[in-house]
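Numbering (my numbering), first residue to last: 23 to 400.
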């Protein structure tokens, strides 16, 4: 799928060139703005949405395992978070824009949070029962992949492919090798990770070939390439002559495919973590504080996007009103009567106007009445 960057001035240029009508260009821009609200555009609202979501995921995935020692409490808390954010995300995805004015992307991010939190319940259950398979993290990663695939089946949100790709990447590094060989060597781990990464890239390429409206292959490209090139780095070693060329290729690939909104969101989330670390890190309330801060950032992003949409719509309406007032109505004179059937009569040329009805046409109908009146008088 190919992309181009379009500004409002481009539509004005197209109207000046006669490619589209001016009124069509005026109506097209707000429609495009509304259509692309859920996509990964680099703006303040999108960065706020993703940064808030990353804070909530981080609060429950990392800090919960550090702060809370009770496996039972962690299990039920993870299930509660997953259920609340999952139900809220589904509601906002289908009805948020129409009922609450909330962008559809917020609903998709809430569902992504629910998927990302679900493996914590698996981890808490494993810790409570002290049941660890040969590959300790493979059940957690399978939960992540299965939950993401199930959610993506019903809600086609591009960011939902991120937990799927992350789970596949985690399996490809160590856990899948341990499940197959029990005690794999470094070469076996690297070869399996390289093959797994190539398979993820192939799937992402096949998705791009389908020409979907959304970019569903980005995260598979990212984690698949990280898996394959990371495996090659470990396999050949730092002193290999091949290390420079393929890492340069990886850098070029990253520059082409990695979206700026990802780094903007990570930077904002890291800044908030730095602010709250000294105050709440060792406190039991730290995960809840981060969750509240994440929700606050998402709320601010919603308000920013509403403000931008309202300002854009108001500006478009003002331009349309000014254009209409600057061009007064000018009647079009033509000899074709069919084209002037809705034109007022005083705008028509004289040869097209119907002649006035003479007074004597009404005389036959009025004559008997007058004669009857005279007879009664006599």
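For glycine and all other residues, C-beta sits at the position ideal for the given N, C-alpha and C.
What you are looking at is a predicted structure, and each value in this text was computed from that prediction instead of being measured.
Query	Result
Taking a contact to mean a Cβ-Cβ separation below 8 Å, would you say residue 100 touches residue 139 in this structure?	yes
Please report the straight-line C-alpha distance between residue 183 and residue 235, rounded to a whole angstrom.	15 Å
What is the rounded straight-line gap between the Cα of residue 37 and the Cα of residue 214?	55 Å
DSSP state of residue 235, grouped into three classes?	coil
Three or more C-beta pairs under 8 Å: does that hold for the segment 203-222 against the segment 163-180?	no
Do residue 71 and residue 323 come within 8 Å of each other at the CB atom, strictly closer than that value?	yes
Count Cβ pairs between the segment 184-201 and the segment 160-176 that sit closer than 8 Å; are there 3 or more?	yes
How would you call residue 117, buried or exposed, if buried means at least 16 neighbouring beta carbons within 10 angstroms?	exposed
By the DSSP assignment, the alpha helix (DSSP H) with residue 133 in it spans what residues?	126-151
Write down the C-beta distance between residue 402 and residue 115 rounded to the nearest angstrom, noting that I regard them as a contact closer than 8 Å.	Past the boundaries of the shown model lies residue 402; the chain is included only from 23 to 400, so the question cannot be answered.
So is residue 166 buried or exposed if we call it buried at 16+ other beta carbons inside 10 Å?	buried
Using CA atoms only, rank isn't needed, just tell me which of 332, 51, 106 and 41 is closest to residue 29.	51
Which value, in whole angstroms, describes the spacing of the CA atoms of residue 311 and residue 326?	22 Å
What residue range does the alpha helix (DSSP H) around residue 174 cover?	160-176
May I ask which residues mark the beginning and end of the alpha helix (DSSP H) holding residue 192?	183-192
Between residue 44 and residue 35, what straight-line distance do the alpha-carbon atoms span, to the nearest angstrom?	10 Å
Is it buried or exposed for residue 202, if we count other Cβ within 10 angstroms and need 16 for buried?	exposed
Of the residues 339, 256, 48 and 129, which one's Cα is nearest the Cα of residue 208?	256
Pull up the CB-CB distance for residue 316 and residue 142, whole angstroms please, since I reckon it's below 8 Å.	Not quite, the Cβ-Cβ distance comes to about 16 Å (not below 8 Å), so this is no contact.
Please classify residue 251 as buried or exposed, where buried requires at least 16 other C-beta atoms within 10 Å of its C-beta.	buried
Among residues of its own chain, excluding the 5 on either side of residue 253, which ones have a beta-carbon nearer than 6 Å to its beta-carbon?	212, 215 and 216
Can you give the Cα-Cα distance for residue 113 and residue 318, rounded to whole angstroms?	19 Å
Does the Cβ of residue 39 have 16 or more other Cβ atoms within 10 Å, making it buried, or fewer, making it exposed?	exposed
From the DSSP output, in three-state form, read off residue 256 for me.	helix
Taking C-beta to C-beta, are residue 175 and residue 97 nearer than 8 Å?	no
Determine the closest residue to residue 135 out of 152, 123 and 185, with distance taken between C-alpha atoms.	185
Can you find the residues in the same chain that come closer than 6 Å, C-beta to C-beta, to residue 169, ignoring five residues on each side of it along the sequence?	137 and 140
Might you give, ordered along the chain, the residues of its own chain that have their beta carbon closer than 7 Å to the beta carbon of residue 110, omitting 5 neighbours on each side?	132
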